[in-house]
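This report refers to the structure that appears directly beneath it.
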């Protein structure tokens, strides 16, 4: 690769420059970006971000310039070096969990300690006894032991009860024998297991005296603490490359009659009594249940920000990129039109911009609900502790809230992660050809995010949980023994008004807009109830209806949460009226676009009329796009992604899109170190290989 | 990496085995797979496939086992070695173009000769004079010169008129000076340019005596024929990694006042007279127009097969994969349920299966239309040739057919490639977690296909072409001077019946179903016409309406083409009634699912009633899914993808899914050659590196 000649260095993009365009664009809006950012994230969080960003940027190992070029092996090596350094920095700067998570967010790639730092530590903490904490948790917290959480198997994903790995209690020497009876029993997809971990929490079917007791967690050492070679009876490795997530060593694990001592079964909730050889039942299963809910709530909370990265990149690029003249422009007018001016582009991007805020406020509400439930559960668990002999005790309201929380977290996890994943791809395509370049910055982010639609409950599977809850609530309302919560209230309202009809003024009133979503959910619930309870249709035949119902309900929750966030005291206190007005328009855009997309459910439930939907489609939505458009750039700026985090030529805050694309291709791209022999009849493939010059040193 | 122990080698998947499940599944259907395959592709094509597959499988360089592991540089090296070998095989076996394309399809990855073999040769052939054929085409056909087609620029994608590269005519020495005045003028995305080509057809703005004449093609040598180093004034390289397509060296190119002789401007259609220094206009611009239409028609033709790969993989895996018990299964019934039995899975996969056939038949019809047009154009061009002095001459009907062909190819390209791309992702997710593994085989295929939604006309941009044509046709119908074709006929029908209403029996009659789609297109066309011509709305404000209109029209065309294919003589001659019956159900499923998805346009146009849509949704579609399900596996088998082509553990014809996943992870995965030091406070990253043992030798 010859050095870049001077005449190339002298070239600039043709006028107007991206930097000018983006400056003019910013000046179009009077929104206070800083106030809005503080309102969304708090000043503390943004200050933490700035502090940690500075530390990371100074470290050579976190330099991102070769990220998009490396193959699997190099990607993993770099990720491991980064994981080590990150842990060193954590110790050095005495970072708490929030600091560490912030650093991870800024680095924005999964790392080999990922499952150690999350699921391994959490499981030991949550399900271990004090004695087990001493034995397993402490060395893990100090990274003297590196662990992972091994549940999923090659033949068994969602269905935990179907796991094949066994843990057989051996009363003679008081041990468990962990074993993989079939190839399909191989643990699979286990993060940090492939190359990194030397311990695993293995979920296995507990068997005592030939009788199965369901899946339970066992701590199992899998590699030698010094040589890091697999132990006897352990076959372990990385499962191979994936669509994304290739910085992580997802692994497989087969166990051949591996013995672990009695202490290795995590025993906070259930255990085997080594004296009697009897199984002791879990004291409060609902506490375990809570962990999954927390994980799902976190996914909901993050989904807005995940999508906002793509929307930020696509919106900024659409302000810099110009294509074609406006067809109706007066002849003689010069220059191409900013892509963001085209309604077709606005129609694709601005509803997603609205969705980022909708999901953000929904995530915050979801987390508040989770915290509220934790408080109630803790109170309930304390009661149970004092009555241990009598078994678990739960207050009625605690159980109701938990059921509501469980269903809400399932439905919103499915809707939020689907919206974010599919929205990112819309953003990528809205960037035209350059969206396909790795330097665009959306592709890799999207690919890494995609598994979120499958893990912690496949997004289609989860909808059954929501439907089950809604059917149960509807039955209770009909019987008159329902708890008083939002779900039962909207059902009751629906039943009262069903015959009169609804007549929601969705175009004129925000609260009516929310009510129309509630109406549709209620209608679909009672329809599904009729199919199941009256017509006695099979569960399987109703899965598509349940999926629709869950989606409808979750959309209602998002619309309601966005609406409620706009009514909050703190909003009026922290934001100026101009900003509030734009947020209000984003709310209406999100709600009306959703209403229009799902039109047939809205009119067939009589929530709205056909005419209203036509007006929403042709007038209201198009008007909102026009009104929001001048604020688009400021609204994405408010998400406050540092350029270092986005790692995107197209999403640069300063608009220097083309300079950056060119620099990366011309100066950073190792492929340009290859000089080939292009003729098919030549035996020589490569004449000169200077690719190594481009590789960054760790 | 220690060798696989014997106890691992002895393991089998738990019963029932995938091979058994898939065998039972195949026996469920009485469809004649072979007859259906022959009907779809012809026996000749399938025999060619078998012949060429055998040759490729025997060549070490085409071994796919390391494809999913390599980084960018290695991917490209392997692809270059394959491209060379493929060309050698072409010469050795005297392959014609169809043979060569078949080999490419089976290899299924873009290669560094890709744009040489397609656009470079085609452009020279189509736009060069006999003298230029001798000078440029012949060495290119013999691979003595390797070329590419350089049109797109860093700052200019779809808008060809906006290209910045200039070709200034220099009357003194009868040369053109090719120049890139700005950074944004850099050619970008040019396939085969980055590392491979030594020639390019450069599209540049022709300038004569200071006056611009628009973009024209110039042949330009860019690299030394011996050293392969860039020539003086040429800055060229690879543009960097992409979301997919990383076996191809898409390149950039900047030119600094590079001189080429007069002969290098391709002059079949327009040229500069070197004596008078005057521009000579194109003799028949519509012939150039035709090439783009051919490229788009090819995309339509391929879209069915592109999607069918994903549907094949997902359907086969859904027959092998089992998750959960049926909720309504009698207690005591054993084993998990095949995933393909769940209606939620059927609802996602079977409409896509229907779409593969719909697109296949549509593609064939589109190609027939293209051939018909070529015939007419050739006749017309011959007339023009005899009247050259008088300029191009076109018959009225030739021009009408061309306009129709242009609009049809734009609309169907957009719909077909969007359906295929988005459908592949639906298939990938329907495979659950394993769909995310590279071994699933859908991810890489999807990633490589994605640019099809953007190139040859961005799928959103293209919809404007369709709308323009439909508006023009509608105006002609209103004025009474319309040509007699299908579009004007459906408009006329609509205008006649508009006041009476439609009353299409979409649930009872297939022809009514087609008519309902025609009705909706007509309704949307006259609505858009009113917005544009009566209400005088701006073009920009109507882009979303135009996109909807184009989609509606294209869906109509797909439904109509599928319907007409089922009425054909040859179908009844070649297929047995049972197979025809299933194809018929696929037609209804495709049409009804589309109708239901786009419900609000169907009822607001009064094409159908709300009640009909509800029935379609809740009854008709669910019943069709149930009826088609037993034939699903046979229907994907009929697409006849060899395992070697699919390169997918999940899509194996023999159902040995888990064995293959495990083999690839355990035996082929180079990452398992790394033994790491897992502790963060250790300076050692890698204890042992045996990754090179896994690399295949070229």
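Residue numbers (full-length UniProt numbering), protein chains in the order written: chain A, 1 to 698; chain B, 1 to 698.
Don't be surprised by glycine CBs; every beta carbon is placed ideally from N, CA and C.
Here's the rule: buried if 16 or more other CB atoms are within 10 angstroms of the residue's CB, otherwise exposed. What is residue i?
i, result
"residue 573(A)", "exposed"
"residue 50(A)", "exposed"
"residue 396(B)", "At residue 396(B), the pLDDT of 43 sits below 50, so the modelled position is not reliable and the matter cannot be decided from this model."
"residue 91(B)", "exposed"
"residue 701(A)", "Because chain A in this structure spans residues 1 to 698, residue 701(A) falls outside the shown range and cannot be described."
"residue 400(A)", "buried"
"residue 755(B)", "Within the shown structure, residues of chain B are numbered from 1 to 698, placing residue 755(B) beyond reach of any answer."
"residue 500(B)", "exposed"
"residue 445(B)", "buried"
"residue 104(A)", "buried"
"residue 570(B)", "exposed"
Skipping 5 residues on each side, what residues in its chain have a beta carbon closer than 7 Å to that of residue i?
i, result
"residue 713(A)", "Past the boundaries of the shown model lies residue 713(A); chain A is included only from 1 to 698, so the question cannot be answered."
"residue 459(B)", "414, 417, 418 and 453"
"residue 390(B)", "Confidence at residue 390(B) is low in this model, with a pLDDT of 39, below 50, so the placement of that residue is unreliable and no value is reported for it."
"residue 688(B)", "675"
"residue 542(A)", "528, 531 and 532"
So, are the CB atoms of residue i and residue j less than 8 Å apart?
i, j, result
"residue 701(B)", "residue 95(B)", "The structure shown has nothing for residue 701(B), since chain B only spans 1 to 698."
"residue 676(B)", "residue 80(A)", "yes"
"residue 307(B)", "residue 362(B)", "no"
"residue 466(B)", "residue 553(B)", "yes"
"residue 370(B)", "residue 455(B)", "no"
"residue 671(B)", "residue 686(B)", "no"
"residue 636(A)", "residue 311(A)", "yes"
"residue 26(B)", "residue 316(B)", "no"
"residue 207(A)", "residue 267(A)", "no"
"residue 471(B)", "residue 532(B)", "yes"
"residue 180(A)", "residue 254(A)", "yes"
"residue 247(A)", "residue 109(A)", "yes"
"residue 140(A)", "residue 120(A)", "yes"
"residue 125(A)", "residue 106(A)", "no"
Please work out which residues of its chain come closer than 8 Å, Cβ to Cβ, to residue i, disregarding the five sequence neighbours upstream and downstream, and give them in chain order.
i, result
"residue 494(B)", "518, 519, 522, 523 and 526"
"residue 280(A)", "270, 271, 272 and 273"
"residue 589(B)", "350, 351, 354, 621, 624, 625 and 628"
"residue 228(A)", "198"
Which same chain residues end up closer than 6 Å to residue i when comparing Cβ atoms and leaving out the 5 residues on each side of it in sequence?
i, result
"residue 358(A)", "558, 562 and 590"
"residue 30(A)", "578"
"residue 65(B)", "668"
"residue 646(A)", "441"
**OP:** Using a Cβ-Cβ cut-off of less than 8 Å, list which residues of the region 138-161 of chain B approach chain A; keep chain order.
**Re:** 143, 144, 146, 152, 154, 155, 156, 157, 158 and 159
**OP:** Output, in sequence order along the chain, the residues in the region 594-615 of chain B whose CB is closer than 8 Å to any CB in chain A.
**Re:** 596, 599, 600, 603, 604, 610, 613 and 614
**OP:** Just list the alpha helix (DSSP H) runs in the region 515-570 of chain A, keeping only unbroken ones of 4 residues or longer that don't cross its boundaries, in chain order.
**Re:** 543-566
Original post:
According to a CB-to-CB cut-off of less than 7 Å, which residues of the region 256-286 of chain A neighbour chain B?
Top reply: 256
Original post:
Can you give, in chain order, each stretch of the alpha helix (DSSP H) that sits fully within the region 617-660 of chain B and has at least 4 residues?
Top reply: 621-628, 632-637 and 643-646
Original post:
In chain order, which continuous runs of the beta strand (DSSP E) of length 3 or greater are located wholly inside the region 446-495 of chain B?
Top reply: none
Original post:
Any residues in the UniProt domain "Rhodanese" (440-454) of chain B with a beta carbon nearer than 9 Å to a beta carbon of chain A? Which ones, in chain order?
Top reply: 440, 442, 443, 444, 446, 447, 450, 451, 453 and 454
**OP:** Pull out every residue of the region 21-47 of chain A whose Cβ sits closer than 8 Å to any Cβ of chain B, in chain order.
**Re:** none
**OP:** Return the residues of the region 531-542 of chain B that lie within a Cβ-Cβ distance of less than 9 Å from chain A, sorted by chain order.
**Re:** 531, 538, 539, 540, 541 and 542
Subject >> Interface residues of the region 86-97 of chain A facing chain B [CB-CB below 7 Å] >> reply: 87 and 88
**OP:** Taking only beta carbons into account, state which residues of the region 60-74 of chain B come closer than 9 Å to chain A, listed in chain order.
**Re:** 68, 69, 70, 71, 72, 73 and 74
**OP:** Check distances from the C-beta atoms of the region 455-487 of chain B to those of chain A and list, in chain order, the residues that come in under 9 Å.
**Re:** 455, 458, 459, 460, 461, 463 and 464
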